[in-house]
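128 is the number that our numbering gives to position 134 of the sequence shown; each next residue is one higher, with no gaps. Shown next, in structure tokens, is the structure this report addresses.
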Amino acid sequence: MTGAAAARRLLLIGGGGGLVGRAILREFSADWQIRSLHRRPVPGERAAGVEWVPTDLRGSVDWPRRLAGVDLVINVAWDRYGSARQFRSLADGLRRCVRACESVPRLRFLHISVPDAPASLEAGLPYLTYKRDVDREIQASSLDYSIVRPSMLFGPGDRLLTVMLRLMRRYGRFPLFGDGTYHLSPLAATDLAAILRREAALPGSRNLIFGGPTRWRYRDLLDRMYAALGQPTRYVRLSPRLSVALARTIQDLGSRLIYAYEVEWLLSDRLGPPPYLGLDRPLQSVEPFLDEEARRLNVRNP
Ligand SMILES: NC(=O)c1ccc[n+]([C@@H]2O[C@H](COP(=O)([O-])OP(=O)(O)OC[C@H]3O[C@@H](n4cnc5c(N)ncnc54)[C@H](OP(=O)(O)O)[C@@H]3O)[C@@H](O)[C@H]2O)c1
């Protein structure tokens, strides 16, 4: 397709205000029109000429109007933590979106979900049970879809690796959950956006679990983070049980630093899936990102 033809295509993003939304904006804004539905304004969207429609996807949305002229929908919206009530209403809203999309001819639907989790979390954690409800609604629909289920994402302003680096830098010590021999395959948010562009152009329906280029042993990744900071490794070793209990205490105090389910998921060794295959360039390794973030921290707080 030529650049001029591509420019006429309209992308609707649901919940594009965060890390993935920012990366999608960078990937698509040069040659797609973008209509973005989420609650809080994002300065980058205004600068890129995005049509932002302030929307709570849990509420009633005039879908026929929002979907008019749309060629591609990417659903990103989800929260990192919340009550069953919050997730139920968001899942209900997203199901209404999926049903409305079925009436739009030749629409492609991309949805960000998450890798498999331990059975106890799949069955009992509202974050996951309602996420799977939405995944199933899409799979049962008449849409052409890709459900992409990446492992942990990184990028400027992320809430995991960047925050972990900051804590290591500040306190010198870092908790090691269990023996640290489980795995993680970090994927750049910008690579996820490039993957979404590729998936948008593919026919049929796909359900994909993937990570970045390297399957790290968690302990080795932490060591590499300390090396980026130029600090010696100093761990506070915690048994798996104590690790989850500590995260639960932090979450119960109202902090967004870490959640108990995230530690359980990590310890279950399900977050090191193989890399996505199919991009026409290599996936980005996490090391340059760690070095750059560490350099920034060291410059800011010498
Ligand atoms: N980050 C990761 O490591 C990771 C890994 C695997 C999968 N994922 C999945 O990737 C997706 C995006 O993750 P992210 O890291 O970009 O999350 P994020 O930074 O928290 O962004 C999520 C966005 O969803 C929007 N949103 C939430 N509830 C909404 C609602 N009721 N109505 C409208 N918009 C709503 C929020 O925008 P407003 O506040 O403006 O409404 C928010 O900016 C999620 O589905 C997540 O489960 C993330």
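Yeah, the Cβ is synthetic: ideal placement off N, Cα and C, and Gly gets one too. Quantities reported herein were computed from a predicted structural model and do not represent experimental measurements.
Next item on the list: Compute the Euclidean distance between the alpha carbons of Y165 and E287, then round it to the nearest angstrom.
Entry: In the sequence shown, counting from the first residue as 1, residue 165 sits at position 171. In the sequence shown, counting from the first residue as 1, residue 287 sits at position 293. The straight-line gap from Cα to Cα measures roughly 17 angstroms.
Check: Does the region 172 to 183 touch the region 110 to 121, meaning 3 or more C-beta pairs lie closer than 8 angstroms?
Finding: Under the 8 angstroms Cβ criterion, the region 110 to 121 does not count as touching the region 172 to 183, having fewer than three qualifying pairs.
Notebook entry, point to check: Terminal residues of the continuous alpha helix (DSSP H) containing L284?
Noted result: By 1-based counting over the sequence shown, the position of residue 284 is 290. Its alpha helix (DSSP H) spans residues V280 to R294.
Checklist line | Rounded straight-line distance, which links the Cα of V92 to that of S136 | finding: Here residue 136 refers to the residue found at position 142 when the sequence shown is read from its first residue. Here residue 92 refers to the residue found at position 98 when the sequence shown is read from its first residue. In a straight line, the C-alpha of S136 is about 10 angstroms away from that of V92.
Note to self: I need the boundaries of the alpha helix (DSSP H) containing V128, first residue and last residue.
What the structure shows: Here residue 128 is taken as the residue at index 134 of the sequence shown, counted from 1. Here the alpha helix (DSSP H) through V128 covers P120 to A134.
Next item on the list: Could you tell me if the beta carbon of I189 falls within a distance shorter than 7 angstroms of some heavy atom in ligand 1?
Entry: Residue mapping note: residue 189 aligns to position 195 of the sequence shown, counting from 1. No.
Checklist line | Spatially closest choice to D152 from V280, L4 and Y270, by CA coordinates | finding: Along the sequence shown, one-based indexing puts residue 152 at 158. That would be V280, whose Cα lies nearest to the Cα of D152.
Check: In or out: G87 buried (at least 16 other Cβ within 10 Å) or exposed?
Finding: Locating residue 87 in the sequence shown gives position 93, where the first residue counts as 1. With 16 or more Cβ atoms within 10 Å of its Cβ, G87 is classed as buried.
Next item on the list: Can you tell me which of the three DSSP states I189 falls into?
Entry: Counting from one through the sequence shown, the residue named residue 189 turns up at place 195. In the three-state reduction of the DSSP assignment, I189 falls in the helix class, which pools H, G and I.
Notebook entry, point to check: Between the region 208 to 228 and the region 154 to 161, do at least 3 Cβ pairs fall closer than 8 angstroms?
Noted result: They touch, by the three-pair rule.
Checklist line | Contact set for V108: own chain, Cβ-Cβ below 6 angstroms, skip 5 residues either direction | finding: Position 114 of the sequence shown holds residue 108. Cβ neighbours of V108 beyond the five flanking positions: R143.
Item checked: D73 classed as buried or exposed, judged by whether at least 16 other C-beta atoms fall within 10 angstroms -> By one-based count along the sequence shown, residue 73 stands at place 79. Looking at its Cβ environment, which holds fewer than 16 other Cβ atoms inside 10 Å, D73 is exposed.
Note to self: Between A42 and ligand 1, is there a pair consisting of the residue's CB and a ligand heavy atom that are separated by less than 7 angstroms?
What the structure shows: Numbered from 1 along the sequence shown, position 48 holds the residue referred to as residue 42. Not so, every heavy atom of ligand 1 lies at least 7 angstroms from the Cβ.
Check: Secondary structure at E116, three-state DSSP: helix, strand or coil?
Finding: Position 122 of the sequence shown, counted from the first residue, corresponds to residue 116. Assignment of E116 by DSSP, reduced to helix, strand and coil, places it in the helix class.
Notebook entry, point to check: If you pair each beta-carbon of the region 121 to 130 with each one of the region 271 to 279, do three or more pairs fall below 8 angstroms?
Noted result: Result no; under three Cβ-Cβ pairs closer than 8 angstroms.
Margin query: Going by DSSP in three states, Y220 sits in which element: helix, strand or coil?
Written below: As a position in the sequence shown, residue 220 is number 226, starting the count at 1. Collapsing the DSSP output to three states places Y220 in a helix.
Notebook entry, point to check: Could you check where the beta strand (DSSP E) with D86 kicks off and where it finishes?
Noted result: Along the sequence shown, one-based indexing puts residue 86 at 92. Where D86 is concerned, there is no enclosing beta strand (DSSP E), although the alpha helix (DSSP H) it sits in stretches over A78 to C95.
Next item on the list: Give a single yes or no on whether W57 has its beta carbon closer than 7 angstroms to a heavy atom of ligand 2.
Entry: This structure lacks ligand 2; the ligands present are ligand 1.
Next item on the list: Could you check which residue in P268, L104 and L6 has the C-alpha nearest to that of G206?
Entry: Start at 1 with the first residue of the sequence shown, and residue 206 comes out as number 212. The shortest C-alpha to C-alpha distance from G206 to any of P268, L104 and L6 is the one to P268.
Notebook entry, point to check: Regarding I106 and ligand 1, is the C-beta to nearest heavy atom distance less than 7 angstroms?
Noted result: For the purposes of this step, residue 106 is identified with residue 112 of the sequence shown, where counting begins at 1. Checking every heavy atom of ligand 1 against the Cβ of I106, one is found closer than 7 angstroms.
Notebook entry, point to check: By DSSP, does Y323 sit in helix, in strand, or in coil?
Noted result: Missing from the structure shown is residue 323; the chain here goes from -5 to 296 and no further.
Notebook entry, point to check: How many angstroms separate the CA atom of R60 from the CA atom of R2?
Noted result: One-based indexing of the sequence shown puts residue 60 at position 66. One-based indexing of the sequence shown puts residue 2 at position 8. Whole-angstrom Cα-Cα distance: 16 angstroms.
Check: Among residues of its own chain, excluding the 5 on either side of Y139, which ones have a beta-carbon nearer than 6 angstroms to its beta-carbon?
Finding: Locating residue 139 in the sequence shown gives position 145, where the first residue counts as 1. When the five nearest sequence neighbours on each side are left out, the beta carbons in the same chain lying within less than 6 angstroms of the beta carbon of Y139 are those of F103, I132 and S199, in order along the chain.
Item checked: Pairwise C-alpha distance: S145 and Q255 -> Residue mapping note: residue 255 aligns to position 261 of the sequence shown, counting from 1. Residue mapping note: residue 145 aligns to position 151 of the sequence shown, counting from 1. This sequence places Tyr at residue 255; Gln is not what is there. So the alpha carbons of these two residues sit roughly 15 angstroms apart.
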